[in-house]
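For the sequence shown, numbering that gives the first Met the number 0 gives the first residue as 0, with consecutive numbering after it. Note that the Cβ used here is the ideal one computed from N, Cα and C, for glycine as well. To keep things clear, I will list the structure first and then write my remarks on it.
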Amino acid sequence: MLPAPVTAVVTPLTEATGLASWAWLLIAVPAVSAAFLLLAGRRSNAWGHWLGLAASFAVACLGVGILVQVLSLPAEERVIGLPLYQWFSAGNLSIDVGLRLDPLSLTFVALVTCVGFLIHLYSVAYMAHDRDRRRFFAYLNLFIAAMLTLVLGDSYIVLFVGWEGVGLASYLLIGFWNTADADAPQGEQATSRENAAAAKKAFVMNRVGDVGLLLAMMTMVGQVGSVSFDAVSAAALDGSVSTGWLTAIGFFLLLAACGKSAQFPLQAWLGDAMAGPTPVSALIHAATMVTAGVYLMVRSSAVFEGAPSAQTAVAVVGAITLLLGAVIGSAKDDMKKVLAASTMSQIGYMMLGAGLGPIGYAFAIFHLLTHGFFKAQLFLGAGSVMHAMGDQVNMRRFGGLRGAMTITWVTMGIGWLAILGVPPFSGFWSKDRLIEAAFVGEGAKPWILGTIALLGAGLTAFYMSRLFFMIFHGKQRWTTKEDLEGEVHPHESGWLMTLPLIVLSVFSVGLGGLLTYNNMFVTWLEPVTGHAEHGEPVLPAAVIMGATLALVVVGVLVAWWMYVRRPVPVVLQPANPLVEAARKDMYQDAVNEALAMRTGQGLVLATDAVERYVVDGAIEGAAAGTGALGRLTRRTESGYVRSYAGYMLAGTVLVLIAVLAARF
Numbered sequence: 000m001l002p003a004p005v006t007a008v009v010t011p012l013t014e015a016t017g018l019a020s021w022a023w024l025l026i027a028v029p030a031v032s033a034a035f036l037l038l039a040g041r042r043s044n045a046w047g048h049w050l051g052l053a054a055s056f057a058v059a060c061l062g063v064g065i066l067v068q069v070l071s072l073p074a075e076e077r078v079i080g081l082p083l084y085q086w087f088s089a090g091n092l093s094i095d096v097g098l099r100l101d102p103l104s105l106t107f108v109a110l111v112t113c114v115g116f117l118i119h120l121y122s123v124a125y126m127a128h129d130r131d132r133r134r135f136f137a138y139l140n141l142f143i144a145a146m147l148t149l150v151l152g153d154s155y156i157v158l159f160v161g162w163e164g165v166g167l168a169s170y171l172l173i174g175f176w177n178t179a180d181a182d183a184p185q186g187e188q189a190t191s192r193e194n195a196a197a198a199k200k201a202f203v204m205n206r207v208g209d210v211g212l213l214l215a216m217m218t219m220v221g222q223v224g225s226v227s228f229d230a231v232s233a234a235a236l237d238g239s240v241s242t243g244w245l246t247a248i249g250f251f252l253l254l255a256a257c258g259k260s261a262q263f264p265l266q267a268w269l270g271d272a273m274a275g276p277t278p279v280s281a282l283i284h285a286a287t288m289v290t291a292g293v294y295l296m297v298r299s300s301a302v303f304e305g306a307p308s309a310q311t312a313v314a315v316v317g318a319i320t321l322l323l324g325a326v327i328g329s330a331k332d333d334m335k336k337v338l339a340a341s342t343m344s345q346i347g348y349m350m351l352g353a354g355l356g357p358i359g360y361a362f363a364i365f366h367l368l369t370h371g372f373f374k375a376q377l378f379l380g381a382g383s384v385m386h387a388m389g390d391q392v393n394m395r396r397f398g399g400l401r402g403a404m405t406i407t408w409v410t411m412g413i414g415w416l417a418i419l420g421v422p423p424f425s426g427f428w429s430k431d432r433l434i435e436a437a438f439v440g441e442g443a444k445p446w447i448l449g450t451i452a453l454l455g456a457g458l459t460a461f462y463m464s465r466l467f468f469m470i471f472h473g474k475q476r477w478t479t480k481e482d483l484e485g486e487v488h489p490h491e492s493g494w495l496m497t498l499p500l501i502v503l504s505v506f507s508v509g510l511g512g513l514l515t516y517n518n519m520f521v522t523w524l525e526p527v528t529g530h531a532e533h534g535e536p537v538l539p540a541a542v543i544m545g546a547t548l549a550l551v552v553v554g555v556l557v558a559w560w561m562y563v564r565r566p567v568p569v570v571l572q573p574a575n576p577l578v579e580a581a582r583k584d585m586y587q588d589a590v591n592e593a594l595a596m597r598t599g600q601g602l603v604l605a606t607d608a609v610e611r612y613v614v615d616g617a618i619e620g621a622a623a624g625t626g627a628l629g630r631l632t633r634r635t636e637s638g639y640v641r642s643y644a645g646y647m648l649a650g651t652v653l654v655l656i657a658v659l660a661a662r663f
């Protein structure tokens, strides 16, 4: 028996008191810190990173304090409004800026601030030798401020400000090492041109999604007269907006989510985003920013309740992406790109849950929360391995590291078990609920979506076990100069890097079980997602759980056989067409080039031809025709009276003929 929300609701707002009335500081503190570090310039190089760390610690403390305050309130008082000011007013449209503190937004606040602080702490050591460390921390603070704006805003327009802010921060951080003399570690080095290209690619592809959010807001203004969450939700639930318009809004919002959350077909940018420093990958491209699309789907649940076709499209996009990411992750040798593909796949699970309707909203956010902690842990663990291995990222040049890096091995092992969904680790509780929810419904839909979710679990077990075994188990492939440019001496990272790994491990072990106890997390989200009822999957829950765990075991055993029992060649070997395609991201860039870039180039050339030969041709032709007519009629102006008399006579005759013709 699966508890799940029955429908979206609009809960009355409660006035902010106590710590909640200071929630605006969650945005202001990191924003001011970022501005100060950027304006102070190189004078703050010696201490700028400590200021950035202090700002992140302050917002983490405030965020947890507000969360504790709201937890102490009755459920009906847990949706708090904090109006700030009126942005502008035009006619009947008034845009007010305010914050919304409810269980959904505060879940994100806890994730962003706590994981953000740990990543700031980790970065103090990771970026220690970078001359621009101060600028790096300024960008991290900017991201924290923008992400909190996104999740705390009480309207789509405030959300959009944060949405664009995280896009800017992502662009700046992906391309952080964009100069020839940048202090990028060897394993993170690409050419400055490649780093800049990766940042530009992420920025442009996200702009495609942003068009969807803009179109959605324009449609809301036209149909509802407001872009506030409460007004749009109320209009969707009371039938004020037709199904057709709700469907249009839903598809526009889905386009936005696909861009920001790297979902099919706008997923091609995420792998390239690994050009940024590893802490960036952990914070922005694993734990927080890329989950913004899932937040948008659940926040807009009332819209999708009134647009079943758009809701189904969300589930289909999630199902496609979770398989696509899993296949790509199974073939990559760059451990950061394996984790990037894994992120794409896991967010696919969340989108699938959000597209299941009321039964999946809470479970999508549940998996988002647990995933944020264990995926950040895995990315930071990868950074620790890079630190120990001369900044190498190619897993074919690792192996046997568990003896040299015990803390990293144990903590990454915990993250590995969590993402596999092995009980009692946190991923088991969240992903198992999503898979079970996928089997709820009527007709063929639950069978198709549920089967895809099960296959994804097996593939996840394979590619994550492949990563773990290739790094820490098997024979050492790093001891000779032929394998690497020079000898390496693996060693454990310092405490500033291992402490965040240990703390994140605690969440990866205990968070899922804690929030599952007595349906705690589902009940917590009820003021946003609705009251809980029961949904029966088409298969018994025990069968689904057993099948999931069986596929996980199979995936682990296959990876063990291929990458521990058998020798792993250091040099990449030719493979079958599917593996070759997965190594090349299933030709995402080639498809985008063929369908988008070349089509766009064709449209540009066609537009240029129309402008040059039709628009300009018509104007220039009219001018030339007028000139020719003038030259022709000029000959009739001879200056002789007899000529003018002849013209008058001819005109008179023509008029008489016309009059007579009209009469007879």
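Starting from residue i and walking both ways along the alpha helix (DSSP H), at which residues does that stretch end?
i	result
L295	291 to 298
W49	47 to 70
I451	444 to 471
G97	Unbroken run through G97 is the beta strand (DSSP E), 92 to 100; no alpha helix (DSSP H).
S32	24 to 39
S154	Note, S154: premise wrong, no alpha helix (DSSP H); not H, not E.
M496	494 to 515
T606	597 to 608
Quick one: is residue i buried, meaning 16 or more other Cβ sit within 10 Å of its Cβ, or exposed?
i	result
R664	Missing from the structure shown is residue 664; the chain here goes from 0 to 663 and no further.
S122	buried
A363	buried
C113	buried
E610	exposed
N517	exposed
H284	buried
S88	exposed
G270	buried
T410	buried
Nearest by alpha-carbon distance to residue i: which of the options is it?
i	options	result
G442	E579, V537, K474, N140	V537
M216	D237, M343, A627, L92	L92
T459	G324, L72, M647, V613	G324
W176	G270, T277, L213	T277
S492	I501, L524, Q587, H386	H386
I501	I118, A39, T148, A19	I118
G534	K199, M544, A201, V439	V439
V69	P102, F520, V96	P102
L52	R41, V67, R42, P29	P29
S299	I283, G347, T246	T246
G166	A261, L72, I447	A261
L100	Q85, L81, G90, V111	L81
V78	Y84, L66, S88	L66
R582	L571, F461, A456	L571
What is the residue span of the beta strand (DSSP E) that residue i lies within?
i	result
A89	79 to 89
CB-CB under 8 Å to residue i, same chain, minus the five flanking residues each way: which ones, in chain order?
i	result
L510	L368, T369, F372, S425
V567	R395, G398, M469, G473, K474, R476
V297	L103, A353, Y360, A363, I364, V527, T528
Which same chain residues end up closer than 7 Å to residue i when comparing Cβ atoms and leaving out the 5 residues on each side of it in sequence?
i	result
D588	A267
I670	As displayed, the chain neither begins before 0 nor continues past 663, which places residue 670 out of reach and without an answer.
Return helix, strand or coil for residue i, following the three-state DSSP convention.
i	result
V240	coil
P2	Because P2 carries a pLDDT of 46, less than 50, the predicted location of this residue cannot be relied on, and no value is offered for it.
N591	helix
D666	Absent from the model: residue 666. The displayed extent of the chain is 0 to 663, so no value can be given.
N177	coil
T711	The displayed coordinates of the chain run from 0 to 663. Any statement about residue 711 would go beyond what the structure contains.
N205	helix
S225	coil
V111	helix
G629	helix
E481	Any reading at E481 needs caution, since the residue's pLDDT is 48, under 50, leaving its predicted position unreliable; the model's value is listed next. Three-state DSSP puts E481 in coil, outside helix and strand.
V421	coil
G534	strand
V658	helix
N44	coil
Give every residue of the same chain whose Cβ lies closer than 6 Å to the Cβ of residue i, excluding the five residues on either side of it in the sequence, and list them in chain order.
i	result
K480	Its pLDDT being 47, under 50, K480 is placed unreliably in this model, and the value from its coordinates should be taken loosely. Correct list: empty, nothing qualifies.
A144	I26, P29, A30
G249	V302, F303, A306, A309
For residue i, verify whether its CB is less than 8 Å away from any heavy atom of the ligand MN.
i	result
R134	Among the ligands in the structure shown, none appear at all, so the ligand MN cannot be discussed.
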